[in-house]
Amino acid sequence: MQFDAEVLSPGLVSLCWLLAGLLLPAALSGLGVVRSAPYRLHLVAGAAVALALLWSVRAAVDPGVGLHVLGITAAVLLLGWRLAMLAAALASLALVLLGDTPWASAPAGWLLSAAAPGAVAAAMAWIARFHLPRNPFVFIFVCAFFASGLALLLTWLLSTALLAWSGQASPSGVDGSLLAFLPLVIFPEGFINGAIVSMLIVYRPDWVRLYDERFYIRS
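Sequential numbering from 44 applies to the sequence shown in my numbering.
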């Protein structure tokens with residue numbers, strides 16, 4: 044989800060900057076993983092480019108509000124939450140530098156498009172590992188397909204709350220605008236994330252950080 048600067052209230056913009064500032068150090072701490080596996084730096088760069096491309100293709104659901112495919116679920120499964128957040132931050136920075144996203148609303152977009160849905164993806168991966176059958180198909184369908192749809196739903200709910208808080212529209216009005224587009228983007232969200240994760244698990248399982256081949260296949 045992306046917003047124009049004038050859509051959000053000044054207080055909400057400041058709050059988003061504060062939250063992003065608190066979370067970014069955690070994302071940067073993930074760089075420690077790169078020391079033991081330098082190839083992951085290339086994965087971070089590739090994920091940042093992919094996310095920037097996905098986020099640049101938006102559907103205008105209201106003036107100043109753009110809905111897009113998140114793609115963050117696949118990034119979290121591939122990199123882990125911290126490095127995925129770093130890749131998402133780089134993607135947001137690229138969109139700002141290209142003039143596609145205003146500076147003021149970039150933290151809000153990062154929180155809604157990456158941090159919050161990424162937490163859902165990480166939580167679903169934890170649930171699949173400790174509470175569901177050890178099967179790669181369970182991982183793919185629960186952690187990629189289902190989790191990405193759930194993450195998008197969370198983004199929609201948070202966006203509705205933020206827009207209502209900013210006083211740009213009544214909760215019912217915002218809800219109706221976004222709800223009309225939600226079914227249209229849930230399917231491509233699940234398909235894109237699921238297809239990427241499925242392909243990586245088949246051809247490059249060692250790249251998918253939250254997928255343990257020994258745990259899901261050989262145990």
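Where is the CB? At the ideal position from N, CA and C, for every residue including glycine.
- Judged by their CB atoms, A88 and A118 are not nearer to each other than the 9 Å cut-off.
- Residues of the same chain with a CB within less than 8 Å of the CB of V185, apart from the 5 flanking positions on each side, are M167, I170, A171, L175 in chain order.
- E232 and E256 have their C-alpha atoms roughly 25 Å apart.
- Counting other Cβ atoms within 10 Å of its Cβ, R83 reaches 16 or more and is therefore classed as buried.
- The beta carbons of A164 and A194 sit closer together than 9 Å.
- L206 and F230 have their C-alpha atoms spaced approximately 24 Å apart.
- Across the structure, V240 and V251 are spaced so that their CA atoms are roughly 8 Å apart.
- Within the same chain, Cβ atoms closer than 6 Å to the Cβ of A137 are found at A95, the five residues on either side in sequence being excluded.
- Inter-segment contact for the region 100 to 109 and the region 70 to 80 is absent: fewer than three beta-carbon pairs are separated by less than 8 Å.
- For V56, the uninterrupted alpha helix (DSSP H) segment begins and ends at 53 to 72.
- Cβ-Cβ distances below 7 Å link R125 to A69, A70, S72, G73 in the same chain, with the five nearest sequence neighbours on each side left out; the list follows chain order.
- Distance between A102 and Y254, taken at the CA atoms: about 32 Å.
- Secondary structure at G107: coil, using DSSP grouped into helix, strand and coil.
- Contact annotation, L66 with A158: C-beta distance approximately 6 Å; criterion of less than 8 Å satisfied.
- About 6 Å separates the beta carbons of P179 and I244, which is inside the 8 Å limit, making them a contact pair.
- Collapsing the DSSP output to three states places A102 in a strand.
- Residues R177, N178, P179, F182 of the same chain have their beta carbon placed closer than 7 Å to that of Y259, with the five preceding and five following residues left out of the count.
- As the crow flies, the alpha-carbon of A63 is around 11 Å from that of L129.
- Annotation for S156: no alpha helix (DSSP H) segment contains it, and DSSP assigns it neither H nor E.
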